[in-house]
Each structure stands twice: as C-alpha cells, then as structure tokens.
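Written below as structure tokens is the structure these notes are about.
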Amino acid sequence: MKNLLTILALFFCLFTQAQGNPTPLPNGLRVDLTKLPRRPIDSVDLIAGIDRKGVLVGISKYEVNPAEYTNYTFSINRTPSSGERGVVNSYSINYNLVSNNDSITTATISQGVGNVLANVDQGTQSITGLTTTTNITYTLSINYERLGVSGSNSTSTTFNTYVPQWAGTTTLSDFDGTYATIEAQPNVLKYIQNNDNITRTMSPANEYIVFVSTNGNATIKDGNGFAQSVGSWGDATKEFQRKTITLSLADGSTTTAYFYRTTSLKTFTNLDYSIE
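The following block contains the structure:
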C-alpha cells in the first residue's frame, strides 16, 4: 500500500505539472520534479524505482533530496576489551545494525558467528559466553542497496590479550621464567596492561626489588626520580641486573620477557620504584 501511494503521488505530480519542489512523498522523502524526464514514465520503470521499503531508487530517473535520506549505521564492540594472555578470558561481542533508508541485503560476523541479517533493525545484540587465551578479531561485514546502487562495508573489533608483567620484592635471587614460580611470590604483583610502565611502592625487608617486563631496554627509577644503573646479568657493579627469560604463561605457551633484579638485598619502607 505504501508503494502504491508513492506511485500515485508521482503520477499525480507529473501529469498536473506541479510546481512546488521538492514534493513530499508518503514515505517521507522528497522528489525534485524538475529532475523528472519530460516524457511519460512507464509504470514498470516507476515501480522498479521504488524498493521494498518504499525508498526511491534509480537516481538516473529521480533526484532525491539528500537532506531527506539517512544512511545505514553499524557497529561492533567487545566487553571487556582485554585480558591476560594465556588465561581463559570470558567476553561478549555486541553489535548493532540500523538500515535507515538503505536496504541491508547481507550481514555476517567472522569467527564462526555467521549470518546476522535477521538482526538488522532489532537493536543492540549480544553474543555471550565467548572465551579466548589470545588476541581475536571479529569483523562485521555487510552488503547494502542505496538508491539503486550496491555497496559493501565492514568494521571490526579485537579482544586484546597482554603478556603479564610483575613488580615487587622477593628473596628469589633468580627466575627461570616459570609462571607458577613468580605467581607464588607473596610481595610480587601481576600487571595486565597495554604498556610496560609500572610504578609500585616497595617495602623490602632484606629482599630484592624485581621486575618481570616485556621491555628489554627499560629505565628503572627510584622514588626520587633518579635513574638506576642497569647491567647484564652477573654485573655486580650496577644497581640492577637484567636477563632475558623464556616466560611460560598460564596455558603453557611461552614468550620472551626480561627479569630485572637489584644486585643487593634491600631494606626500607614505602619507596616508589618505577620501570618504563
């Protein structure tokens, strides 16, 4: 019925030579009648120029006022946005597809989610119960029709996982890279973040200050902002010693990391140390 009213409105405006432009149609769009061809319009052509949503198509025949036309919108994101690499992280994917005056003809999400066309114009949808131990990207891809012209687009979201890093005090004089070993140290905290900058208030009691970092060329500073000297492992002339380790993650996978430790045991209270 909506399409029929649109067709009748066009015929009426055409054959009465209406002068008011642009002319409103039942679907809320407007047509500039000065753009219509100065010849009778075949009814088949006219019907072909209106899609299933009552939106004018076929820009070669009809000039639609751009201010009256709204393009589709689509989005996809994840909650939460990140987690620890090597640990089973639970997360959700949220997506939304709004066709507006366009016609979305296909909609799919990668990573085995598949066809989501039925959820167009259904509000924000969520896929829950997803898990991963590493980075994973989801891509929302669509095909659409706009004024008789086909198009495609895609947008993506990535659940990021980060290698754990640690900072604290311990009597542990060496570290072989075993995840369980560093996790068992009571005064060493784990950090899950997208950079290698860590600041922690230290209170060693005849303990070493240690860092396990993803940065192999880090600068370490004390609470007064003074950079500490860092040497290779076994260099007792430096304040800190550094060694490359093969870090085992919680799931048994491995990655390269770096172990920093003070050369001597320390005892003091509430002094900040940072690594960057």
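Residue numbers (mature numbering (1 follows the signal peptide of the UniProt record, and there is no 0)): -18 to -1, 1 to 258.
Backbone N, C-alpha and C define an ideal beta-carbon position, used for all residues, glycine too.
Under the three-state reduction of DSSP, which class applies to residue i: helix, strand or coil?
{"i": "Ala187", "result": "strand"}
{"i": "Ala200", "result": "coil"}
{"i": "Tyr173", "result": "strand"}
{"i": "Ala162", "result": "helix"}
{"i": "Leu99", "result": "helix"}
{"i": "Ser218", "result": "Here the sequence assigns Ala to residue 218, which means Ser is not the residue at that position. Correct three-state label for Ala218: coil."}
{"i": "Ala49", "result": "helix"}
{"i": "Tyr54", "result": "coil"}
{"i": "Asp254", "result": "strand"}
{"i": "Gly31", "result": "Only weak support exists for where Gly31 lies, its pLDDT of 45 falling under 50; the value from the coordinates is given anyway. Gly31: coil per DSSP, three-state reduction."}
{"i": "Gly207", "result": "coil"}
{"i": "Leu79", "result": "strand"}
{"i": "Ser155", "result": "coil"}
{"i": "Val70", "result": "coil"}
Give the range of the alpha helix (DSSP H) segment to which residue i is assigned.
{"i": "residue 317", "result": "The structure shown has nothing for residue 317, since the chain only spans -18 to 258."}
Between the alpha carbons of residue i and residue j, how many angstroms are there, rounded?
{"i": "Arg182", "j": "Ser64", "result": "22 Å"}
{"i": "Arg224", "j": "Ile174", "result": "21 Å"}
{"i": "Thr114", "j": "Ala232", "result": "13 Å"}
{"i": "Ser123", "j": "Ile109", "result": "16 Å"}
{"i": "Asp178", "j": "Thr249", "result": "25 Å"}
{"i": "Lys203", "j": "Thr196", "result": "17 Å"}
{"i": "Asp254", "j": "Ile191", "result": "11 Å"}
{"i": "Asn78", "j": "Asn101", "result": "8 Å"}
{"i": "residue 297", "j": "Thr116", "result": "Any answer about residue 297 is impossible in this case: the structure gives the chain only from -18 up to 258."}
{"i": "Thr52", "j": "Gln93", "result": "30 Å"}
{"i": "Gly40", "j": "Val69", "result": "With a pLDDT of 46 at Gly40, under the threshold of 50, the modelled position of that residue is not reliable, and no figure is offered here."}
{"i": "Ile75", "j": "Ile86", "result": "20 Å"}
{"i": "Pro22", "j": "Leu129", "result": "With a pLDDT of only 38 at Pro22, under the threshold of 50, the placement of this residue in the model should not be trusted, and no figure is reported."}
{"i": "Thr137", "j": "Tyr73", "result": "19 Å"}
{"i": "Leu171", "j": "Thr119", "result": "29 Å"}
{"i": "Val26", "j": "Val95", "result": "Bear in mind that the predicted position of Val26 carries a pLDDT of just 35, short of 50, making it unreliable; the figure below should be weighed with that in mind. Going by the C-alpha atoms only, they are around 40 Å apart."}
For residue i, which of the options has the nearest alpha-carbon?
{"i": "Tyr240", "options": "Thr61, Ser214 and Lys248", "result": "Ser214"}
{"i": "Gly216", "options": "Gln167, Val70, Asn53 and Ser155", "result": "Ser155"}
{"i": "Thr61", "options": "Asn135, Thr116, Thr140 and Val98", "result": "Thr140"}
{"i": "Glu66", "options": "Asn125, Val98 and Pro146", "result": "Pro146"}
{"i": "Leu56", "options": "Thr121, Ser185, Val70 and Thr201", "result": "Sequence check: residue 56 is Phe here, not Leu. It is Thr121 whose Cα lies nearest to the Cα of Phe56."}
{"i": "Thr244", "options": "Ser136, Pro186 and Gly94", "result": "Pro186"}
{"i": "residue 269", "options": "Pro48, Thr219, Thr143 and Ile86", "result": "The first residue shown for the chain is -18 and the last is 258, placing residue 269 beyond what the model contains."}
{"i": "Asn206", "options": "Val212, Glu221, Val194 and Ser256", "result": "Ser256"}
{"i": "Ser211", "options": "Ser246, Ser235 and Gly234", "result": "Ser246"}
{"i": "Ala49", "options": "Asn71, Asn83 and Ile58", "result": "Asn83"}
{"i": "Tyr242", "options": "Ser132, Phe157, Tyr54 and Gln104", "result": "Phe157"}
Could you please give the first and the last residue of the uninterrupted beta strand (DSSP E) stretch that includes residue i?
{"i": "Gly150", "result": "Gln147 to Thr152"}
{"i": "Val131", "result": "Val131 to Tyr144"}
{"i": "Gln93", "result": "Counting along the chain, Gln93 falls outside any beta strand (DSSP E), and DSSP gives it neither H nor E."}
{"i": "Val239", "result": "In the sequence on display, residue 239 carries Ala and not Val. Where Ala239 is concerned, the enclosing beta strand (DSSP E) stretches over Thr236 to Thr244."}
{"i": "Thr114", "result": "Gln107 to Thr114"}
Report, in whole angstroms, the separation of the C-beta atoms of residue i and residue j, which I expect to be a contact under 8 Å.
{"i": "Ser230", "j": "Gly159", "result": "6 Å"}
{"i": "Thr106", "j": "Asn97", "result": "Not a contact, Cβ separation roughly 18 Å."}
{"i": "Glu258", "j": "Thr201", "result": "6 Å"}
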